[in-house]
Structures are given as C-alpha cells and as structure tokens.
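Novice: Quick note: the sequence shown uses my numbering, first residue 447, plus one each step.
Below is a structure I'd like to ask you about.
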Amino acid sequence: MDMMPFEPTPTPEPKRRGRFVSWLAASVAGAVIGSAATWYVAPKWMHEETNSQTETAETTAKSEALPLQPTANVNTNMIAAINKVADAVVGVVNIQKQVDFFSDQAQDTEAGTGSGVIFKKEGDAAYIVTNNHVIEGANKVEVALANGKKVKAEIVGADALTDLVVLKIPAEGVTKVASFGDSSKVKIGEPVAAIGNPLGLDLSRTVTEGIVSGKRTMPVSTSAGDWEIDVIQTDAAINPGNSGGALINSAGQVIGINSMKIAETGVEGLGFAIPSENVKPIVEQLMKDGKIKRPYLGVQLVDVADLSDDVRTNELKLPSNITSGAAVTSVEPFSPAAEAGLKSKDVITAINGEKIDSVSALRKYLYTKTAVGDRIKLTIYRDGFETTVSVTLKARDSSQS
447 MDMMPFEPTP TPEPKRRGRF VSWLAASVAG AVIGSAATWY VAPKWMHEET NSQTETAETT
507 AKSEALPLQP TANVNTNMIA AINKVADAVV GVVNIQKQVD FFSDQAQDTE AGTGSGVIFK
567 KEGDAAYIVT NNHVIEGANK VEVALANGKK VKAEIVGADA LTDLVVLKIP AEGVTKVASF
627 GDSSKVKIGE PVAAIGNPLG LDLSRTVTEG IVSGKRTMPV STSAGDWEID VIQTDAAINP
687 GNSGGALINS AGQVIGINSM KIAETGVEGL GFAIPSENVK PIVEQLMKDG KIKRPYLGVQ
747 LVDVADLSDD VRTNELKLPS NITSGAAVTS VEPFSPAAEA GLKSKDVITA INGEKIDSVS
807 ALRKYLYTKT AVGDRIKLTI YRDGFETTVS VTLKARDSSQ S
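If you want it as structure tokens, here you go:
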C-alpha cells in the first residue's frame, strides 16, 4: 500500500524573520500614533459639530412658536423617551354652567376631560395644544399639571375644522416642555407611545405602546362642517380622555396629537393622531392671530351625490353624466359669491380646472390651495349648461365656505 511520504518542516530563514519583526513593530507604532491622533482630534470635531447644530436649533426655536426638530435616532430606549415627555402632558377640564334641578341655580359643572401637551414656556406663561372638541362649549377651562395642581386656562385661539386649540396658563409649576419631531419622516411600523388621561384625571398620564399602523386621510364631521383630516394611524390604545394627548416616537419627540379612535363592536387598535407637521402651522397662526384666516365664498352647499335623480334632473337640470359636485342652496348677500353672480341651484364641478366632487373637496381646495385675495375660476352648471365664473376670495372670521 502506497503511503504519503512525510516531509520535514523547513527551518525559517533568520533574515526573513528579522524583516517581518521590523515591519510588525512599525505597523503597531503607526496604529498607536493614528489612534492617539483620532482620540485627540475626534472629540474636538464632534464637539464643534454638536455646538453648531445646537446653536442652529436654538436660533430656530426662538423664531417659531412650535419648532419641529430634526427627527432624532428612534432606536433609543422607550422608557427614557416617555420620561422626557410625560410631565409635559396635562389634563384639560371642560367646565360648563348647568342649572341645578333642586335649587334652580346655575353651577359650574365638569362636562368632560381630555389631555393636552405643553409646547412652549415663555416668561410667566406656558402654552398648551389640545383638541378643540375637548374644550368646545366650555365656560371655563382648567388644566391639571403633572404635580396634580389645577390652574385656570385662557383660550388663545381655537379652530374647529382642524380640531386644534391653544391654551395659556401661568408658567409656575410647569417643569417640562415637549419637543416636537417632524411627522413627515415617520415610517410605518415605527414604535410609538400614546400618553394621556383615559377616562379622566384619575388615570392621568397613562402610557400605551404600539406602532405606526398607517398614514391616512379621514373624513370627519366638525362643528365647522365636514372636513378631510390627515392622520397617523396607530394601534396604541387611545380611549376617551386621551384626546389632545401626545403620540411620541422612541426618541421622546411628539409626532402627533391624539384625536380620535374608531369605537365599534369587533374593532380593535384603530386610533388616530393629527400629525405634528399639520399641527405646527395651525398653532403658529393661533398664537399670532387667535384664529385661522381662511378664504370663503359665502354659499351654502350640498353634495350632488346625496340628491335624488329627480332633483338632479328636474331641479338642477344636470346632464345625466354629472352625478357629483357641490350644489349651491343659498348665496350670502354681499359675499364674494354674490359679487361674482353665483345663484342658488348652480352646481360647482371644478375650481381652476381641478375636479370638485363634493362639498368637503371644495372646502379643502379653498383652505389648502388658495389664499385671501386670490381670484379663482369656478366651473359650474346652470340650467343644464356648463360655464365659468371668476370669484375674488375674501376673508371671514368663521370657517364657512
């Protein structure tokens, strides 16, 4: 049987070993010197960059009432994130006058509670953003701070259509102000937590955790009319009393104001928050003007799709292929619509060439794509014929179309 011959291990040459040792020593020395230089220079460079970023953020914060910070690294500890925000979440109490059945005297009564987020502290005042429906109809508003103390709140400005309101309270006792992140950077599946006061102040600053389930546009009915609101959908539990509270990312930044949930039999984990990118411009204008200045037409409208075939055909005289739009039911005297010659039974089907299929679509176009003073072209059907009308938009305190 053949066997593999055994070959002795060759003896290394002394000169080659010497050269290898010299090369290794030089490499180690170079690595040590390089590491030392990095150790010395890197902290200075990082410190200078951090200072620059901090100065930029501080300058921005001073010029805006509700600055949106660059979205931070979200791979941080959620417990630490919650601790950064929890004390900036407050209780909001809606107090209304009600007549006592036995004494026939009007008394202040707690009509409901919600939550709010402290977003600014300046001088002797602090400012809170919450939902309009939390304080709607209130004679007085109280705020319950993290330390349990209740203080009287002043309504700086409210907007029913976007369901947002800004409150002002004394700064005394306010120890934490929330940082708002940019919700446009939020990703589906990102971990979030909802902080608020479900079912009243006894469960104040309750925290529930979940993920961002989606980004939606939801139809809503408000005291100012129907609207379509952009929302962040989450499966973090949101219950009555959570309205106006904070939806935060895992970096401790508020990315949304909790607004509503779908509460139906068999439905779980469908909560919604107003994105911070939408909260910011409303809060800024409420802080400045106390109201939202929107262009208006001065008409009362109804969805054509909600009308019967008989009304569309005989009353509005619409062609059979026109089944959507906004039908004018009345025109306000001296309004932009009246000045432009709009009449009852006109049907608006487009603004500046963009199709309008409902009243909410018309309202959203006006409020998001036009400004006071703009001249727009309405495509309308009148007595069965299509025509165009030019309207110069004006401002009004209310939010009617």
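Just so it is clear, CB atoms sit at the ideal spot from N, CA and C, and this is done for glycine as well.
Please read all numbers here as calculations on a predicted model, not as lab measurements.
For residue 684, which residues from the same chain have a beta carbon less than 7 Å from its beta carbon, with the 5 sequence-adjacent residues on both sides left out?
Specialist: Taking the first residue of the sequence shown as 1, we reach residue 684 at position 238. Taken in chain order, the residues that qualify are 640, 704, 707, 717.
Novice: In the DSSP assignment, the beta strand (DSSP E) including residue 636 goes from what residue to what residue?
Specialist: Here residue 636 refers to the residue found at position 190 of the sequence shown. Premise fails: residue 636 is in no beta strand (DSSP E) and is neither H nor E.
Novice: Considering just the uninterrupted stretch of the beta strand (DSSP E) at residue 824, what are its terminal residues?
Specialist: The count along the sequence shown starts at 1 and reaches residue 824 at position 378. Run containing residue 824: 821-828, per the beta strand (DSSP E) assignment.
Novice: Taking the alpha-carbon positions, what's the residue 586 to residue 733 distance?
Specialist: As a first step, residue 586 is located in the sequence shown; it is residue number 140 there, counting from the start. As a first step, residue 733 is located in the sequence shown; it is residue number 287 there, counting from the start. About 19 Å.
Novice: What residues in its chain sit with their C-beta under 8 Å from that of residue 528, if we drop five residues either side in the sequence?
Specialist: Numbered from its first residue, the sequence shown carries residue 528 at position 82. Here the set comprises 639, 641, 653, 694, 698.
Novice: Quick check: what's the CA-CA separation for residue 556 versus residue 542?
Specialist: The residue you call residue 556 lines up with position 110 of the sequence shown. The residue you call residue 542 lines up with position 96 of the sequence shown. Roughly 6 Å between the two C-alpha positions.
Novice: Return the Cβ separation of residue 545 and residue 563 in integer angstroms, given the expectation that the two are a contact with Cβ distance under 8 Å.
Specialist: On the sequence shown, residue 545 is found 99 positions in, with the first residue counted as 1. On the sequence shown, residue 563 is found 117 positions in, with the first residue counted as 1. With 8 Å as the limit, residue 545 and residue 563 do not qualify as a contact, their Cβ atoms being about 34 Å apart.
Novice: Go through its chain and collect everything with a Cβ distance to residue 624's Cβ below 7 Å, but skip five positions before and after it.
Specialist: Position 178 of the sequence shown, counting from 1, holds the residue named residue 624. So the list reads 531, 534, 563, 564, 565, 692, 700, once near-sequence residues are dropped.
Novice: Do you know how far the Cα of residue 813 is from the Cα of residue 645?
Specialist: The residue you call residue 645 lines up with position 199 of the sequence shown. The residue you call residue 813 lines up with position 367 of the sequence shown. Between residue 645 and residue 813, the C-alpha separation is close to 34 Å.
Novice: For residue 493, I'd like the list of residues in its chain whose CB is within less than 7 Å of its CB, leaving aside the five on either flank, ordered along the chain.
Specialist: Counting from 1 along the sequence shown, the entry for residue 493 is found at position 47. Interpretation of residue 493 is limited by its pLDDT of 48, a score under 50 that renders its predicted location unreliable; no figure is taken from the coordinates.
Novice: Beta-carbon within less than 6 Å of residue 744's beta-carbon, same chain only, minus the 5 sequence neighbours each way: which residues are those?
Specialist: The count along the sequence shown starts at 1 and reaches residue 744 at position 298. Contacts found: 778, 781, 782, 783.
Novice: For the putative contact between residue 560 and residue 687, defined by C-beta atoms under 8 Å, what is the C-beta separation to the nearest angstrom?
Specialist: Walking along the sequence shown from the start, residue 560 turns up at place 114. Walking along the sequence shown from the start, residue 687 turns up at place 241. Contact flag correct, Cβ pair sits at about 6 Å.
Novice: Between which two residues does the beta strand (DSSP E) holding residue 805 run?
Specialist: Here residue 805 corresponds to residue number 359 of the sequence shown, with the count starting at 1. That residue, residue 805, is in no beta strand (DSSP E); its alpha helix (DSSP H) goes 805-815.
Novice: On the three-state DSSP scale, how would you describe residue 734?
Specialist: As a position in the sequence shown, residue 734 is number 288, starting the count at 1. Note: residue 734 maps to helix in three-state DSSP.
Novice: Just checking residue 836 against the ligand GDP - is the residue's beta carbon closer than 6 Å to any of the ligand's heavy atoms?
Specialist: Judged by which ligands are present, the structure shown has none, so any question about the ligand GDP falls away.
Novice: Report the option in 752, 677, 672 whose CA atom is closest to the CA atom of residue 659.
Specialist: The residue you call residue 659 lines up with position 213 of the sequence shown. Ranking the options by Cα distance to residue 659, first place goes to 677.
Novice: At which residues does the beta strand (DSSP E) containing residue 566 begin and terminate?
Specialist: Here residue 566 is taken as the residue at index 120 of the sequence shown, counted from 1. It spans 552-568 - the beta strand (DSSP E) in which residue 566 sits, taken as one unbroken run.
Novice: Does the distance from the C-beta atom of residue 575 to that of residue 612 stay below 7 Å?
Specialist: Mapped onto the sequence shown, residue 575 falls at position 129. Mapped onto the sequence shown, residue 612 falls at position 166. Contact flag set, yes.
Novice: Do residue 596 and residue 590 have their C-beta atoms within less than 7 Å of each other?
Specialist: As a working note, residue 596 is residue 150 in the sequence shown. As a working note, residue 590 is residue 144 in the sequence shown. For residue 596 and residue 590, yes; Cβs fall inside 7 Å.
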